[in-house]
Amino acid sequence: MYNQRMWIPAALLGWLIGVLINLLADRLPRTRRIERPRCGFCDGPRTPDQASALLALVLGRRACAYCGAKRPLRGLFVELVSIAAATAIAWQSTSWRAWGVQTWFLSLYALMFVIDLEHRLILHVTSVPAIVSFTLLRGLDPSVGWSKTLWGGFAGLLMMLLFYLAGGLFSRWMSRRRKEPIDEVAFGFGDVMLGCAIGLDVGWSGVVLALFTGILAAGLFSLITILYHLLRRRYRPFMAIPYGPFLILGAVWFQLAGRTLILGLAGGG
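First residue of the sequence shown? That's 296 in our numbering, and the numbers climb one at a time after it.
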């Protein structure tokens, strides 16, 4: 439902959330703790007007004061998407509580998405808060409940754990066959933690569809990547890709469209 009084403050809050996501995505992979904003090239501290990529662009302060390197466009993209997402959620939210829950879920997903895309890491410092908060928020929601939430989390954990173990066995088998170590693995344990969080979010009824949608999307992307490198004669076997972003896209897709699809099929049946 459109709420005219919410969307302007929601857009401002979305911008601040985008600033925080960028800060955490910059610092957590390096130090595992929250620190003041720093240049990603020389580690020099950013000035207050450079904390926001959008503000730095408007003020013409994108360049680092110490090394002169310009801030990557990821910061600007994250802030703009965060503003758009927060505004869109406000347009269909009936209360600030509903807006806060949806925004919290998407913010955690966005943070894990960016970190895994750039560093191929699903950090415990992000996945554990997601698991705890998703459990509480979905479990306390009367429309979801504890049973659907906890069984969804268990199913997501079990599914991704099986993929993780199978991937490890395959890597060891190929390493013995090729007589050389294979350091890259398809799934890390961070993906298992993410699978649990997604299961808690989408519940028992949606965890299989959400995770397999993400895995299929990752497989399609891998195929396109392999073909691209083959055409350029730069293909290397076992080129790893981050699976976390695709799993997250699968979860977000389910919340936006997959749940409606399941209800439609159930009604049609």
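Ideal placement from N, C-alpha and C gives every residue a C-beta, glycine not left out.
field: Cβ separation of Ala381 and Ala306, assumed to be a contact under 8 Å, to the nearest whole Å
entry: Position 86 of the sequence shown holds residue 381. Position 11 of the sequence shown holds residue 306. The Cβ separation is near 6 Å, so the contact holds.
query: With 16 other CB atoms within 10 Å as the buried threshold, where does Pro304 fall?
result: Position 9 of the sequence shown, counted from the first residue, corresponds to residue 304. Burial call: exposed.
- request: Measure the C-alpha to C-alpha separation of Leu511 and Arg328 and round it to an integer number of angstroms.
  value: On the sequence shown, residue 511 is found 216 positions in, with the first residue counted as 1. On the sequence shown, residue 328 is found 33 positions in, with the first residue counted as 1. Approximately 33 Å between the Cα atoms of the pair.
Proximal residues to Val439 (C-beta, below 8 Å), its chain only, five neighbours per side dropped: Taking the first residue of the sequence shown as 1, we reach residue 439 at position 144. If we look at Val439 and ignore the five residues flanking it on each side, its Cβ neighbours are Arg433 and Gly498.
- prompt: Where Ile410 and Ile316 are concerned, what is the direct C-alpha to C-alpha distance, given to the nearest angstrom?
  reply: By 1-based counting over the sequence shown, the position of residue 410 is 115. By 1-based counting over the sequence shown, the position of residue 316 is 21. Roughly 10 Å separates the two Cα atoms.
field: Arg325 (DSSP reduced to helix, strand or coil)
entry: In the sequence shown, counting from the first residue as 1, residue 325 sits at position 30. Residue state, collapsed to three classes: helix.
query: Which residues in the same chain have their Cβ closer than 6 Å to the Cβ of Arg590, if we skip the five residues on either side of it in sequence?
result: Outside the shown range of the chain (296 to 564) lies residue 590, about which nothing can therefore be said.
- prompt: Pick from Gly339, Trp310 and Phe400: whose alpha carbon is nearest that of Ala348?
  reply: Locating residue 348 in the sequence shown gives position 53, counting from the first residue. Residue Trp310 is the option with its Cα nearest to Ala348.
message: Could you give the first and the last residue of the continuous alpha helix (DSSP H) run that contains Arg369?
response: Walking along the sequence shown from the start, residue 369 turns up at place 74. Residues Leu368 to Gln387.
- request: Quick one: using the 10 Å Cβ neighbour count with 16 as the cut-off for buried, is Gly355 buried or exposed?
  value: Residue numbering aside, residue 355 sits at position 60 when the sequence shown is read from its first letter. So Gly355 counts as exposed.
message: Distance check for Arg341 and Cys334, CA to CA, integer angstroms please.
response: Here residue 334 is taken as the residue at index 39 of the sequence shown, counted from 1. Here residue 341 is taken as the residue at index 46 of the sequence shown, counted from 1. Each residue's alpha carbon lies about 6 Å from the other.
Endpoints, alpha helix (DSSP H) assigned at Ile543: As a first step, residue 543 is located in the sequence shown; it is residue number 248 there, counting from the start. That run of the alpha helix (DSSP H) goes Gly539 to Trp548.
Closest Cα partner of Pro332 within the set Asp344, Leu495 and Leu318: Translated into positions along the sequence shown, residue 332 becomes position 37. It is Leu318.
Proximity below 7 Å, CB of Gly451 to CB of Gly501: On the sequence shown, position 156 is the one that residue 451 refers to. On the sequence shown, position 206 is the one that residue 501 refers to. No, Cβ-Cβ distance for Gly451 and Gly501 is not below 7 Å.
- prompt: From Leu371 to Lys365, what does the alpha carbon distance come to, in whole angstroms?
  reply: Against the sequence shown, residue 371 aligns to sequence position 76. Against the sequence shown, residue 365 aligns to sequence position 70. Cα to Cα, Leu371 sits roughly 12 Å from Lys365.
- request: Determine the burial state of Ile519: buried for a count of at least 16 other Cβ atoms within 10 Å of its Cβ, exposed for fewer.
  value: By one-based count along the sequence shown, residue 519 stands at place 224. Exposed, because fewer than 16 other Cβ atoms sit within 10 Å of the Cβ of Ile519.
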